[in-house]
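Report on one structure; see the data block that follows.
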Amino acid sequence: MSRIRQMLGGLGLKSRRRRDILRILLTACALTLSVVFVHILRPDLYSYIENKMYDILLKQTAPHQIRNTSPVLIAIDDKALAQVGQWPWPRHHLAQLIDRLHQAQASVIILDVILASPDRTSPLAFQTDYPHLPCPDMSLDQAALAKQDHDYILAQSLQKNTVILGYKLLFAKIHQDALPETIPSALPLSLPPAYTPYIAQDLYTPIAIHAASAQGLGFINALPDADGVQRRVPLLATFQGQILPSLVLASVLAHDHPALSLGQDIDGCFIQFNEKRIYTDPHGNVLLRYRGPRGTFPTYSAADILAAPLPDLQGRIVIIGPVAAGLGDNHIAPMDRVFPGIEIHATLLDNILHQDALIQPMWASGAEVCMALITGLLSGILILTTGTLSCALGVIAGASGLWMGSLSLLNGPGYWISPLAAEMTLILNMAVLSLMKYGLEERELRLRTQQLVEAQDATILSLTALAETRDPETGDHIKRTREYVLVLAQNLARKPEYRAELDEESVALLHKSAPLHDIGKVGISDSILLKPGRLTPEEWKEMQRHTILGAQTLAEAERLAFNNAERSFLSVAKSIALTHHEKWDGTGYPQGLRGKEIPLGGRLMALADVYDALISKRVYKDAMPHAEAVEIIRAGRGTHFDPAVVDAFLESEEQFARIAIVYS
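Printed below as a string of structure tokens:
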């Protein structure tokens, strides 16, 4: 029968383990699918975290050397403002700057400034605006007067040089019922189905004389991400159904005169420049591969170009733009908190010239979902099959591997594959499933502990029952004394002087250990144990040996015990078995201990054992009434028994009487 119970218990344990494994795997699936769902919905917080992760990875990419074909920046900085004067400058200064750059053999000059209104500082404009004022220097013929027109001077410079001017796309109408004064030339391209570029409602363009004189026009708009960081810049936009180039794209067309086309492949939308291919998102944005923080590109102050010896700029594309404090053309970039607009243009231009812009391919989202699903499966298996240290190492290795894989793709071919979904899946699964696993293991440990306790109790009762079979008249002596000891211990535990010694665990140990107090009687012969008359001195001496035999047996069991819990209760049982016949005044056996030399367990069992012997029928005597037994124990206060234990008995005597009836 016991074998059948063991088999059923084993089957129950295996079934429970299968359910636990299934529960962990289902939880891993639910957590993984939750992350995938969030990844697909992309709430603001998720996008913010992903963008910051991208910024960190971008900073960790290998630094790119600036080549001798990279753009050169001409900064309208504080030094230039101090030398030339406040901004905006009279346009003959811009003409002078452009002419100086032409002398330095610059190939293309980009002017990152919108010249949307006439220069009011020109002598001609002054005469037009204030005709009533006497101005003797204005009595010139029209040809001579034109030379005093700053816009005319700049237009002449634009015609002689390859200059690209900027304008701005407007997404609200400002020219009601009319077209802008200047409409830039459109690109002769058709949009593939996947392209959905930004659609402008109006344009803020240079004045006609400048637009007509420049080599090309390009829009300067660049929309930052939701967190204000400039990570991508558009190359294309549309106005009235026409495709318009950005400032950078217009400069590339002027520099290389490439055959331009739009297309789409497995990686996404792209713009083809002869043999070069730059990938964009469906809106025409290019993901920038920043070269470094502010100041990475070679930069000259406009003041130095106007006054100092010229640098060699042969074949270089030059970008002119404001960087001085307060001019408002600064942005936040992944590499720097303050990043001038001309450096963003330079970054995009350098990416195109060297064909190494970053790509977020069309299949990126699918790859990220697959990474999350695989990570979820592997992390669930890892949790199920390994321990705490292996799980921790697995998390570190997995998170590092995902990070380094994403960094390698970004640093090499330039693919941006976000590791966020997979990292979130890994960390979430490890955190939740670890807690879940250890909760299930704790539950299983509690069940095993409970089974062990029950097995120990059954073993104890079996052993003590074996002792009782040698003396059938003692009946349920073991069970009664066990309950008596519990009542006494609980009573004393409420008293301040015993509260520390008799905590909950100690009381439980006494209750568990008490049944073994007479285990040594197994070693006493039946002729002595069952003798109906008085024992001889020799027989009495032999009878007293049951305390030592019991203590020795329990000491050996304690030595062989598997764990500390077993050792604890066996140690208490050994103490009770050895000392439960000691007396308070030192006249007991086997050691003649007195007072508090006797362990508390022995003092409690001494009273419980005597009380039960008095009220029980034995071969050598009849049972005594409860009241007489109480008086005998009261009389033994301070001689046979610990006074405090007797007081606890007197306070609990009614409970003793009930226990005697229940187990009679």
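Quick note on the working numbering: the sequence shown kicks off at 28 and runs consecutively.
Virtual Cβ for every residue (Gly too), placed ideally from N, Cα, C.
What you are looking at is a predicted structure, and each value in this text was computed from that prediction instead of being measured.
query	result
Collapsed DSSP secondary structure at D252 in the structure displayed	coil
For L453 and G425, believed in contact at Cβ under 8 Å, the rounded distance	5 Å
Touching by the beta-carbon criterion (3+ pairs, under 8 Å), the region 222-233 and the region 259-275	yes
Alpha helix (DSSP H) runs contained entirely in the region 113-154, provided each spans 4 or more residues	118-130
Best match in P349, D377, I660 for proximity to S278 [C-alpha to C-alpha]	D377
From R661, Y638, I660, residue whose alpha carbon lies closest to that of A650	Y638
8 Å Cβ shell around G393 - same chain, five flanking residues per side excluded	none
Residue range of the beta strand (DSSP E) that includes F246	243-246
Cβ contact check for the region 115-132 and the region 179-195: 3 or more pairs under 8 Å	yes
Cα-Cα separation, L314 to Y465	45 Å
Y647, buried or exposed, once every other Cβ within 10 Å from all chains shown has been counted against 16	exposed
R509: first and last residue of the uninterrupted alpha helix (DSSP H) it sits in	504-520
Limits of the unbroken alpha helix (DSSP H) element including V345	No alpha helix (DSSP H) holds V345; the beta strand (DSSP E) holding it covers 344-349.
N138 and L192 closer than 9 Å at C-beta	Rather than Asn, the amino acid found at residue 138 in this sequence is Leu. Yes. Within cutoff.
Nearest residue (CA-CA) to S554, options A373, H544, G311, E565	E565
Where H66 falls, given that 16 or more other Cβ within 10 Å makes a residue buried	buried
Candidates P220, L333, P285, C56, of which the one nearest A107 by Cα	L333
Close-in-space but distant-in-sequence residues of the same chain around L216 (CB under 6 Å, 5 per side omitted)	I270, L289
Distance, A238 Cα to A213 Cα	14 Å
Spatial distance of P626 from E609 (CA atoms)	10 Å
DSSP-derived helix/strand/coil call for K610	coil
For M362 and P320, the rounded distance between their alpha carbons	5 Å
Residues of its chain near A235, where Cβ-Cβ distance is below 8 Å and the 5 sequence neighbours each way are ignored	E208, T209
DSSP state of L167 mapped onto helix, strand, coil	For L167, the predicted structure reports a pLDDT of 49, less than 50, and the residue's modelled location is therefore unreliable. The matter cannot be settled from this model.
Cβ-based neighbour list, A604, same chain, cut-off 7 Å, excluding 5 preceding and 5 following	L543, H544, I546, G547, T574, G577, A578, L581
Contacts around T374, its chain only, beta-carbon distance under 7 Å, and the 5 residues preceding and following it disregarded	L315, Y317, R318
Sheet register partners of S328 (DSSP bridge)	A102
Under 9 Å between C-beta atoms of P251 and Y194	no
Whole-number beta carbon distance between M463 and I694, since they are thought to touch under 8 Å	With the chain covering only 28 through 691, there is no way to say anything about residue 694.
Beta-carbon proximity check, L536 vs S595, cutoff 9 Å	yes
Buried versus exposed call for H372 [16 or more other C-beta atoms within 10 Å across all chains shown]	buried
V260: first and last residue of the uninterrupted beta strand (DSSP E) it sits in	259-261
Which of helix, strand or coil DSSP assigns to Q269	strand
Straight-line Cα distance separating L416 from E450	19 Å
Chain-order list of residues whose beta-carbon lies under 7 Å from that of D669 (same chain, five-residue window excluded)	W611, R630
Spatial distance of I688 from H653 (CA atoms)	11 Å
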